[in-house]
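Below is one structure, written out as C-alpha cells; the observations come after it.
Residue numbers (my numbering): 2 to 383.
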C-alpha cells in the first residue's frame, strides 16, 4: 500500500503536469507525483502519445498514473496493460474530469452518477493490479445535489482489498473553478463511511495555496480525513509550495531564484523532449503554458496580508526588480520574452495560444499590448 499520510502529493495536472514539471516538484519537496490523465481507450489502441503520459522519471520514488474510462471491461484490460508494461506505485481512477468530450463518453465526472459501473471498474481493476488503486472524484455533478457521500461507502467496500485512498476535489462538475472548494462537504463525505467496514483515508483537494491553508484543514480535522497535502493549481503558481508546507514558512523567493527554477525546467524539457528543433519547440510550448500560471504569483513581501488566496486575480504591479515585474506580467508577449531568454528567439511565424487561457500571442500582436484574461480556468486537477 502507498502511505499518503503527512505527505505532499502533486495532483494529476493535464498539459502542465508533464514529466519535467514533476521533476521540478520533486526538487522542491513533493513526496508523491502522478502522471497526467490518460484515456483508457487510447492506451488500449497503443497510442504512443497516451503511453508517454505513463512515463516515470527515476526521481519519482512514489509515482502513480491516472486513467479515465467508462466501462468495467475496458478498465480491466487497461489495468492488465499497466501491470505488464508500466512502472507505477498506484493507479488512480479519474471520476472528476468535467469536460464534455470526456463526460459524454461516460468517463470522468459522468461516473459520479453510475455507481454500478464504478463498482464493476473497481472489482475488475483491483483483481488484476498488483499495486493499489485510488479514486479521484468531485463532490458531485452539481453543487445542489452532491453525491460523493453516497459513493464513498460503496468504495469503502474495497478498502484493504486494493483501494487505499479516495481524493475529493471540493467542487462539482458544473462549478468547474468558479467557486471556492467546499471543504466542509469534503469532511461530511469522509464521515459518511460505514463504521463496520475498514476505514478508507479521504484526501481533500482544492485551493491549497499556502502552508497556512493546509494547516487550517489539518486543524479542522474530520473523521477519516487524511493528513496528506494534495496540491494542484497552487503548485503551478508557486512550485515551491511543497517546501513551504513542509517547513511551515512563507518563502519570499527572489526573482532570480524563480528564473533559476524556469531554467531548470528548460533543461529537464530538453532532456525529455530532445535538443532538436522539435524538442525545443515542445519545451517552449510547455514552458509558456506554465508561465500562464506562474505570473499569478504575488511576492510575499508585496502582499499586505498573507497568505495569497488562490482565486485572487492580482492587478498589474511593479516588482522589486525589472525581472520580478516581468515574471508577474499577464501579457502573453512577455511570456514569449521570458522563453526567448531561456531558449533563444522564437521561430519565424511563431504563434501561441494558451490551452487554458484566452491570453494569446501571434506575430500580428504588438509586444506592448496587454493580454486579455477571462474567467476560464485550467482543465486540470481532476
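Glycine residues also receive a C-beta, built at the ideal position from the N, C-alpha and C atoms.
Since the structure is predicted, the reported quantities are computational estimates derived from the model, not experimental observations.
Taking all protein chains shown into account, decide if residue i is buried (16 or more other Cβ within 10 angstroms of its Cβ) or exposed.
i: residue 311; result: buried
i: residue 257; result: exposed
i: residue 197; result: exposed
i: residue 278; result: exposed
i: residue 23; result: buried
i: residue 263; result: buried
i: residue 199; result: exposed
i: residue 234; result: buried
i: residue 99; result: buried
i: residue 329; result: buried
i: residue 32; result: buried
i: residue 49; result: exposed
i: residue 248; result: exposed
i: residue 59; result: exposed
i: residue 208; result: buried
i: residue 217; result: exposed
In this structure, does DSSP put residue i in helix, strand or coil?
i: residue 98; result: coil
i: residue 16; result: coil
i: residue 10; result: strand
i: residue 72; result: coil
i: residue 271; result: helix
i: residue 350; result: coil
i: residue 289; result: helix
i: residue 343; result: helix
i: residue 39; result: strand
i: residue 166; result: strand
i: residue 67; result: strand
i: residue 187; result: helix
i: residue 33; result: strand
i: residue 92; result: strand
i: residue 173; result: coil
i: residue 181; result: coil
i: residue 160; result: strand
i: residue 362; result: Low per-residue confidence applies at residue 362: pLDDT is 43, beneath 50, and the placement is therefore not dependable, though the value from the model is reported in the following sentence. Here residue 362 sits in strand by DSSP.
i: residue 197; result: coil
i: residue 282; result: helix
i: residue 26; result: helix
i: residue 21; result: helix
i: residue 86; result: helix
i: residue 192; result: coil
i: residue 306; result: coil
i: residue 2; result: coil
i: residue 77; result: helix
i: residue 335; result: helix
i: residue 355; result: coil
i: residue 152; result: helix
i: residue 330; result: coil
Give me the Cβ distance between residue i and residue j, rounded to the nearest whole Å; I'm assuming they're in contact under 8 Å.
i: residue 136; j: residue 96; result: 6 Å
i: residue 65; j: residue 103; result: No, residue 65 and residue 103 are not in contact; Cβ-Cβ is about 19 Å, not under 8 Å.
i: residue 81; j: residue 54; result: Actually they are not in contact, since the Cβ atoms of residue 81 and residue 54 sit about 18 Å apart, beyond 8 Å.
i: residue 201; j: residue 157; result: 5 Å
i: residue 335; j: residue 324; result: So it is not a contact: roughly 11 Å between Cβ atoms.
i: residue 339; j: residue 353; result: Going by Cβ atoms, the distance from residue 339 to residue 353 rounds to 12 Å, so no, they are not a contact pair.
i: residue 39; j: residue 68; result: 5 Å
i: residue 227; j: residue 166; result: 7 Å
i: residue 271; j: residue 284; result: 6 Å
i: residue 116; j: residue 152; result: 6 Å
i: residue 173; j: residue 139; result: 6 Å
Below 6 Å CB to CB, which residues in the same chain sit around residue i once its five sequence neighbours on both sides are set aside?
i: residue 1; result: Coverage of the chain is limited to positions 2 through 383, which leaves residue 1 absent and any answer about it impossible.
i: residue 29; result: 240, 241, 243 and 244
i: residue 265; result: none
i: residue 288; result: 340
Leaving out five residues before and five after residue i in sequence, what residues of the same chain have Cβ atoms less than 7 Å from its Cβ?
i: residue 159; result: 123 and 127
i: residue 176; result: 144
i: residue 292; result: 336 and 339
i: residue 290; result: 16, 17, 355 and 356
i: residue 121; result: 73
i: residue 41; result: 68, 69, 70, 75, 76 and 79
i: residue 56; result: 20
Residues in the same chain with beta-carbon distance under 8 Å from residue i, minus the five sequence neighbours each way, listed in chain order, please.
i: residue 303; result: 318, 320 and 321
i: residue 118; result: 71, 72, 73, 107 and 112
i: residue 105; result: 111
i: residue 251; result: 211, 212, 245, 301, 307 and 308
i: residue 125; result: 73, 74, 76, 77 and 80
Kindly indicate if chain B contains any beta-carbon less than 8 Å away from that of residue i.
i: residue 271; result: Going by chain labels, chain B is absent from the structure shown, which holds only one protein chain.
Start-end ranges of the alpha helix (DSSP H) lying completely within the stretch 109-142, minimum 4 residues: Fully enclosed alpha helix (DSSP H) runs of 4 or longer: 116-129.
Residue ranges of each alpha helix (DSSP H) within the stretch 201-264, 4 or longer: List check, alpha helix (DSSP H) in window: 212-221, 234-238 and 242-248.
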